[in-house]
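Okay, so here's the structure we're looking at.
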Amino acid sequence: MNMPSHPADTPLATIRANIAQSEKIAGRPAGSTTLIAISKTKPAEAIEDLIELGHRVFGENRVQEAQAKFPDMRARYPDLELHMVGQLQSNKADEAVALFDCIHSLDRMSLAKALAAAMTKAGRQVPCFVQVNISEEEQKGGCAIADLPQFLEQVRALGLPIIGLMAVPPADVEPSPYFALLAKLARDHGLDQLSIGMSGDYETAVRIGATHVRVGSALFGAR
Ligand SMILES: *Cc1c(COP(=O)(O)O)cnc(C)c1O
342 MNMPSHPADT PLATIRANIA QSEKIAGRPA GSTTLIAISK TKPAEAIEDL
392 IELGHRVFGE NRVQEAQAKF PDMRARYPDL ELHMVGQLQS NKADEAVALF
442 DCIHSLDRMS LAKALAAAMT KAGRQVPCFV QVNISEEEQK GGCAIADLPQ
492 FLEQVRALGL PIIGLMAVPP ADVEPSPYFA LLAKLARDHG LDQLSIGMSG
542 DYETAVRIGA THVRVGSALF GAR
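Take any residue in the sequence shown, note its place counting from 1, add 341, and you have its number in the working numbering.
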């Protein structure tokens, strides 16, 4: 294992410091942002390196890959927290509910129904973010902005624990207007958690109110 000579030299330490600084600038309480280490495509050893540095919150974007890497790790580190951030197929709802502690990609009624049934069956409530297609890009996952009020009403009626909104803004444009719009939508709907910000824009996201940032390549290196 390539342990750095001093933990202060790691990308993890840098990112934590940047998050703390952004919280301070925004007048937010220290520690009010959860850093999710997005470990998709990365081997178990890379995850263990972060665990050894004290990190416990990880995210994956595919059920199968998470299933291959995490059950073993969870047996050894019971305090691990695992988030699902990628598109989820309804037929994977049972597996997702068994494996993940939080789902960031709830974006359609068929999935909502499958998750509600899976949670009832498993006797396990998994908090969910509703993903919003904030840039209205056709190829992107997420509930359309215009459909959000009705969708939230319907998923809440199913009894799903909805904790906030999630979005992935378009690549290569200034993300703050998208982050601000998502923050406003969350406020309008009485939701206080925001899953926004990735390697290139997590500091901006924290200043706008991200409660969860999803950082992959800045922590683990390029994919
Ligand atoms: C891969 C991924 C991330 C992390 O992206 P980086 O740019 O590597 O930080 C965040 N959110 C989602 C939904 C992803 O799929």
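Backbone N, C-alpha and C define an ideal beta-carbon position, used for all residues, glycine too.
A quick note: this is a predicted structure, and the numbers were derived from the prediction, not measured.
Distances between the C-beta of residue 453 and the heavy atoms of ligand 1 are all 8 angstroms or more.
Exposure of residue 412 is indicated by the presence of fewer than 16 other C-beta atoms within 10 angstroms of its C-beta. Take residue 430, set aside five residues on each side of it, and no residue of its chain has a beta-carbon closer than 7 angstroms to its own. In this structure, ligand 1 has a non-hydrogen atom nearer than 8 angstroms to the beta-carbon of residue 555. For the set 499, 480, 472 and 360, the Cα lying nearest the Cα of residue 549 is the one of 360. Look at residue 392 here: in three-state DSSP terms it is helix. For residue 401, the enclosing beta strand (DSSP E) covers residues 398-401.
Distance from residue 382 to residue 552 at the Cβ level is roughly 25 angstroms; contact not present, criterion being Cβ atoms closer than 8 angstroms.
By the Cβ test, the stretch 433-440 is not in contact with the stretch 470-478, since fewer than three Cβ pairs between them sit closer than 8 angstroms. Short of 7 angstroms from the beta carbon of residue 379, and not among the five residues preceding or following it, lie these beta carbons of its own chain, in chain order: 400, 426, 555, 556 and 557. Setting aside the 5 residues that flank it on each side, residue 512 has no residue in the same chain whose C-beta is closer than 7 angstroms to its C-beta.
Between the alpha carbons of residue 494 and residue 405 lies a gap of roughly 31 angstroms. Residue 377 and residue 424 do touch by the CB rule: their CB atoms are close to 5 angstroms apart, below 8 angstroms.
With 16 or more other CB atoms across the displayed protein chains lying within 10 angstroms of its CB, residue 542 is buried. For residue 470, the enclosing beta strand (DSSP E) covers residues 469-472.
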